[in-house]
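Participant: Going down the list, the protein sequences come from chains Y and S. What the first sequence shows, in this note's numbering, is residues 830 to 1031, in sequence order. What the second sequence shows, in this note's numbering, is residues 830 to 1031, in sequence order. I'd like to ask some things about the structure below.
Number of protein chains: 2
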Amino acid sequence: MAKSIKTEEKILESASEVFREKGFNGARMREIADTAGINKGLLHYYFKTKDALFEAVFKMAFRQVISRIHRILETDASLDDKIDQIVDTHLGMILKNPSLPNFVISELNKDADRFIQRNISQKEKFIFAKFMALVEREAEAGRIKKIDARQLLMNIISMIIFPVLGRPVMQVIFGTDNEEFGKLLLDRKQHIKQFVKDALKP
Amino acid sequence: MAKSIKTEEKILESASEVFREKGFNGARMREIADTAGINKGLLHYYFKTKDALFEAVFKMAFRQVISRIHRILETDASLDDKIDQIVDTHLGMILKNPSLPNFVISELNKDADRFIQRNISQKEKFIFAKFMALVEREAEAGRIKKIDARQLLMNIISMIIFPVLGRPVMQVIFGTDNEEFGKLLLDRKQHIKQFVKDALKP
DNA sequence: GTCTATATCATGATAGAC
DNA sequence: GTCTATCATGATATAGAC
């Protein structure tokens, strides 16, 4: 057989596709089975319930979004390099998977509090504390303006993710078609890096 | 009666509440009726179908988001004032209605293209062209850096909306609880204005 | 206008043959 | 492991009494 992918992987792939497009409530087990080219009954053989299947898919998507950032924050790279890396890898990933941010965020907002509590660990706090210290050092050395590291990171991530997420809204505000807007998005890597650098200039 | 609100308004209010919280697919006509304190049958008397009710609610929410921006862009205020106004009125509105952005954006992304086409008008293009000209004039006069007006507006709106929208994600990255994050959000008006001003400095 | 009762249908999940 | 057939539930929507 050309396709040696195991059934379970095929199911996860198809489920990811359908859940991203329709959300948990909009997705049908029937459609997932069809997309995977298998029978509905088989879905329940591999994943007992719709919830279980969703959980598996969502976890993967969430890690994809968040682990990249943490990995970059963890390194010993300079602040400048960290910013460049976050913009490059994140914007690249999002442009390749435009449905990812909306999926993660809209599902997350359905039960935010429970999720936050389950996912904040000491490790997160520690990694981020390191980044805060880095920003503080840079400011004291006079290489950048004094700034709250959390606001800074929030600004950067906002400028990366929102344009893809809010694309329909922005297009209506601009009065712009898909093609023209696509060009704007391609320019953003360069633009964001410059914009942030300018804002930080002491 | 203390409550002289007409039934139809009461329905719209309740529907708005439930749709925002659960989305179109997650919302139940039953829950909307209960919230409004009326019977299910009566919902269909006022709004033939669930789709029709949703359409009415969504239109209101969308206008609330988008018309404010257009109104500000339209005025004869200076660029500086326009930026301040967008940040102030928008962030204020969003902090008062934290569920609004997620509702509008996640529903919009389910059928973005159809929606965009239906909502782009010559008026939009005209208003925005005026803003682009303003930004260009300021740059030529040497009062700000040269910048693409669309990227600029995208940056501003991103920084306003995303932190509320992506709040759960950011809290996990920061390792921060609701209270601490809430304080960060309150500081953002001031922070964003300063950040943008710094980035634009020639 | 407002309610109760009901029709109709689609979905997630299970049972059981192969 | 994979399929078919079926169940049980719960949703939207309608009909009709008051």
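For glycine and all other residues, C-beta sits at the position ideal for the given N, C-alpha and C.
Just to confirm the assignment, what range does the alpha helix (DSSP H) spanning serine 935 (chain Y) have?
Facilitator: Element bounds for serine 935 (chain Y): 929-937.
Participant: Whose C-beta lies closer than 6 Å to the C-beta of isoleucine 956 (chain S) among residues of the same chain, with five residues either side of it excluded?
Facilitator: Counting only Cβ-Cβ distances below 6 Å, and skipping sequence neighbours, we find His899, Leu902, Glu903.
Participant: If I measure Cβ to Cβ from serine 833 (chain Y) and keep anything under 7 Å in the same chain, skipping five residues before and after, which residues do I get?
Facilitator: With a pLDDT of 42 at serine 833 (chain Y), under the threshold of 50, the predicted position of this residue should be treated as unreliable, though the coordinate-derived value follows. Hits under 7 Å: none found.
Participant: Could you tell me which chain Y residues have their CB closer than 8 Å to the CB of glutamine 980 (chain S), listed as they occur along the chain?
Facilitator: Within 8 Å Cβ-Cβ: Leu1013, Asp1016, Arg1017, His1020, Phe1024.
Participant: At least one CB of chain Y closer than 9 Å to the CB of histidine 919 (chain S): is that the case?
Facilitator: So, not an interface residue.
Participant: Quick check: isoleucine 945 (chain S) and aspartate 1006 (chain Y), are their CB atoms within less than 9 Å of each other?
Facilitator: In this structure, aspartate 1006 (chain Y) lies closer than 9 Å to isoleucine 945 (chain S) by Cβ.
Participant: Closest to valine 993 (chain Y) by CA distance: which of Y:Ile861, Y:Asn926, Y:Asp917 is it?
Facilitator: Valine 993 (chain Y) has its Cα closest to that of Y:Asn926, out of Y:Ile861, Y:Asn926, Y:Asp917.
Participant: What residue from S:Thr836, S:Phe1010, S:Leu1029 has the CA that sits closest to tyrosine 874 (chain S)'s CA?
Facilitator: Cα-wise, what sits closest to tyrosine 874 (chain S) is S:Thr836.
Participant: Give the straight-line distance between the Cα atoms of isoleucine 990 (chain Y) and glycine 870 (chain S), rounded to the nearest whole angstrom.
Facilitator: Their Cα atoms are separated by approximately 42 Å.
Participant: On the premise that glycine 855 (chain S) lies in contact with glutamate 936 (chain S), defined as a C-beta separation below 8 Å, what is that separation, rounded to the nearest angstrom?
Facilitator: No, glutamate 936 (chain S) and glycine 855 (chain S) are not in contact; Cβ-Cβ is about 11 Å, not under 8 Å.
Participant: I want to verify the contact list: residues of chain Y whose CB lies under 9 Å from the CB of glycine 971 (chain S), in sequence order.
Facilitator: Here the premise fails: no neighbours, minimum Cβ distance about 15 Å.
Participant: Locate the alpha helix (DSSP H) running through serine 896 (chain S), then write down its first and last residues.
Facilitator: First-last of the alpha helix (DSSP H) with serine 896 (chain S): 879-903.
Participant: Can you tell me where the alpha helix (DSSP H) with proline 1031 (chain S) in it begins and where it stops?
Facilitator: First-last for proline 1031 (chain S): undefined, no H or E at that position.
Participant: Just verifying my parser: in three-state terms, what is the DSSP assignment at arginine 857 (chain Y)?
Facilitator: The answer is coil: DSSP assigns arginine 857 (chain Y) none of H, G, I, E or B.
Participant: Counting contacts by CB-CB distance shorter than 9 Å, is threonine 864 (chain Y) in contact with chain S?
Facilitator: No, no contact with chain S.
Participant: So lysine 952 (chain S) is in the alpha helix (DSSP H); what residue range does that whole segment cover?
Facilitator: It spans 951-969 - the alpha helix (DSSP H) in which lysine 952 (chain S) sits, taken as one unbroken run.
Participant: In or out: glutamine 980 (chain S) buried (at least 16 other Cβ within 10 Å) or exposed?
Facilitator: So glutamine 980 (chain S) ends up on the buried side.
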